[in-house]
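See structure below.
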Amino acid sequence: MGFRPPTGPFPTEAQRRHIRRLTMHFADRCLDICLSLDCLNDLQLILQYENFILHSLVDGDQSYESWRKLGDLSSSLFALGYHQQLESNGPIPPFLKRLRQAVFASSYSTDKNVSIFLGRPPRISRKFCHFRQLSLDSYYSSEWSPDAKLDLFADARWAALCAILKEEIIVELFGEETLNTRIEKARNIRNSAELQWSSLPQHFRLEMPMKSYDRSAVELDLMLGIRLNHLHVLFLLHLALVQRVSEPDAQLYNVSVEMLGLVIEGVLFKDHIVHSGTSLTWKVVYYGLAAAGVICLSLLQRKASEHEMAATPKIFRDLGVLVAEIEYGTFVYKEDANYALLASATATMKNILDNLSRSRLDQRDLSGQLSETMVQPGPELDDSNWEPWGTGSLQDFETNFWLMLSEHPLTFNP
């Protein structure tokens with residue numbers, strides 16, 4: 024969906040958009056026929072997963088239809104009993120076992136990621152899933168073979184491992200009122216996250232700029248997704264420990280800076296990667312907007328540490344690149360499903376950048392004209408009572424977040 028060839032049988036975006044919807048319509052009809060037979064099996068489960076992905080690409084990740092399709096997928100997964108036992112009817116061929124592992128892992132991680140993105144309860148609870156089945160002991164272990172192949176199966180396994188930690192954060196940290204208990208639980212989860220990352224084969228890990236790697240376009244995209252998934256676990260971990268969402272601490276800020284930087288690198292490197300696991304638009308919407316939201320809140324704070332101030336020029340550049348890429352439609356069009364969310368976030372980010380840049384220029388001009396003893400403090404906008412978000416609950420970063428952030432006094436343009 025992210026690649027748009029300049030020529031071909033459908034040269035215009037309107038034609039491509041029409042054929043995508045037509046394809047989705049026929050896919051829906053095909054799935055309806057399968058469901059009407061009332062004969063649930065592995066093939067139908069895979070069709071339901073792919074149908075959900077298709078709806079999320081065409082209708083958008085905020086669409087109710089996409090959300091409903093994900094619910095149908097969860098229901099079929101439970102009906103088949105794969106949340107408890109993959110080999111309920113005796114031994115199965117290795118290829119089928121591997122396929123079921125990947126389908127369950129992908130469904131479980133997708134359920135967590137979409138739920139976090141939309142701020143809704145997950146459907147597939149870890150409490151009712153047997154991850155330590157005899158056939159899954161090695162699959163959900165943090166141990167990897169050094170020569171493991173980097174492919175979609177490995178990506179699905181890693182996403183599930185991260186999703187387990189994300190659910191633990193949601194259940195154990197956001198539901199815990201005692202700060203000391205939260206800190207202790209967070210320390211254990213962080214240790215697990217760091218162990219998982221350090222146990223990954225070296226050729227899975229993205230630890231340098233993408234241009235430094237001599238890897239295929241598919242592998243680069245998978246490495247980017249693997250790193251972003253790990254950072255998102257740390258992001259949620261620190262988000263659960265802040266007292267107020269509107270006042271991110273230094274640790275949450277630093278993780279957000281790294282996560283946004285990776286997303287921007289992916290956007291700028293988009294011609295050299297293939298959307299193998301998740302689309303670039305999803306990476307921007309899910310990881311990029313969450314990181315940008317926290318960074319914007321940090322920029323609006325009255326006080327910033329020296330480390331944060333030193334990093335501000337890079338942050339300004341990254342946010343500016345994100346705004347420009349969305350405004351000029353280099354990877355998403357106005358007619359695309361997630362454009363409304365991206366446009367809303369872009370407008371707020373642009374106002375924040377404009378106001379902060381204008382404020383710095385005004386201060387520089389004023390200091391150049393008057394001596395320090397003659398400078399009088401100017402009127403400040405009162406944002407001391409601005410706290411639109413509650414405490415102790417999981418904060419999503421979709422449309423409502425950016426609408427509320429746009430009401431901050433410092434985001435108004437004169």
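My numbering puts the first residue of the sequence shown at 24, with every later residue one more than the last.
No residue lacks a Cβ here, since even glycine has one placed at the ideal position from N, Cα and C.
(message) Looking only at its chain, what residues have a beta carbon closer than 7 Å to the beta carbon of S138, apart from the 5 residues adjacent to it on each side?
(response) Taking the sequence shown and counting its residues from 1, the one referred to as residue 138 is at position 115. These residues qualify, in order along the chain: P144, P145.
(request) Helix, strand or coil for M24, going by three-state DSSP, please let me know. (result) Numbered from its first residue, the sequence shown carries residue 24 at position 1. Only weak support exists for where M24 lies, its pLDDT of 42 falling under 50; the coordinates are left without a value.
(message) If you reduce the DSSP assignment to three classes, tell me which class H458 lands in.
(response) For the chain, the structure presents residues 24 to 437; residue 458 sits outside this window and is missing.
(request) Mind checking which residues open and close the alpha helix (DSSP H) that includes Q67? (result) Translated into the one-based positions of the sequence shown, residue 67 becomes position 44. 65-81 is the extent of the alpha helix (DSSP H) around Q67.
(message) In whole angstroms, give me the CA-to-CA distance for F420 and L100.
(response) Position 397 of the sequence shown holds residue 420. Position 77 of the sequence shown holds residue 100. Each residue's Cα considered, the two are about 28 Å apart.
(request) Scan the stretch 245-317 and note each continuous alpha helix (DSSP H) run of 4 residues or more that stays entirely inside, going in chain order. (result) 273-291, 303-306
(request) Throw me the rounded Cβ distance for the D237 and V297 pair, which I believe falls under 8 Å. (result) The residue you call residue 237 lines up with position 214 of the sequence shown. The residue you call residue 297 lines up with position 274 of the sequence shown. So it is not a contact: roughly 16 Å between Cβ atoms.
(message) Can you give me the C-alpha to C-alpha distance between A368 and P117, rounded to a whole angstrom?
(response) What you label residue 368 is simply residue 345 of the sequence shown in a count that begins at 1. What you label residue 117 is simply residue 94 of the sequence shown in a count that begins at 1. Computed Cα separation, rounded: 46 Å.
(message) Quick check on I42: buried or exposed, where buried means 16 or more other Cβ atoms within 10 Å of its Cβ?
(response) Taking the sequence shown and counting its residues from 1, one reaches residue 42 at position 19. Exposed is the call here.
(message) In this structure, how does DSSP classify R91 when only helix, strand and coil are distinguished?
(response) Counted from its first residue, the sequence shown places residue 91 at position 68. Three-state DSSP puts R91 in a helix.
(message) Among P34, N374, N64, L77, whose alpha-carbon lies nearest the alpha-carbon of L45?
(response) Start at 1 with the first residue of the sequence shown, and residue 45 comes out as number 22. Among P34, N374, N64, L77, the Cα nearest to that of L45 belongs to L77.
(message) Starting from W181, trace the alpha helix (DSSP H) in both directions and tell me its first and last residue.
(response) Residue mapping note: residue 181 aligns to position 158 of the sequence shown, counting from 1. Here the alpha helix (DSSP H) through W181 covers 175-191.
(request) Report yes if the CB atom of L80 is closer than 7 Å to the CB atom of L54, and no otherwise. (result) Mapped onto the sequence shown, residue 80 falls at position 57. Mapped onto the sequence shown, residue 54 falls at position 31. No. Outside cutoff.
(message) Considering Cα atoms alone, identify which of S221, L364, D95, A273 is closest to L320.
(response) Translated into the one-based positions of the sequence shown, residue 320 becomes position 297. Nearest option by C-alpha distance: A273.
(message) Are the CB atoms of D95 and S89 within a distance shorter than 7 Å?
(response) The residue given as residue 89 occupies position 66 in the sequence shown. The residue given as residue 95 occupies position 72 in the sequence shown. No, Cβ-Cβ distance for S89 and D95 is not below 7 Å.
(message) By the DSSP assignment, the alpha helix (DSSP H) with D61 in it spans what residues?
(response) Taking the first residue of the sequence shown as 1, we reach residue 61 at position 38. That residue, D61, is in no alpha helix (DSSP H); it is neither H nor E in DSSP.
(message) My output table needs one value for A442: the three-state DSSP class, helix, strand or coil.
(response) Residue coverage of the chain in this structure runs from 24 to 437, which leaves residue 442 outside it and unanswerable.
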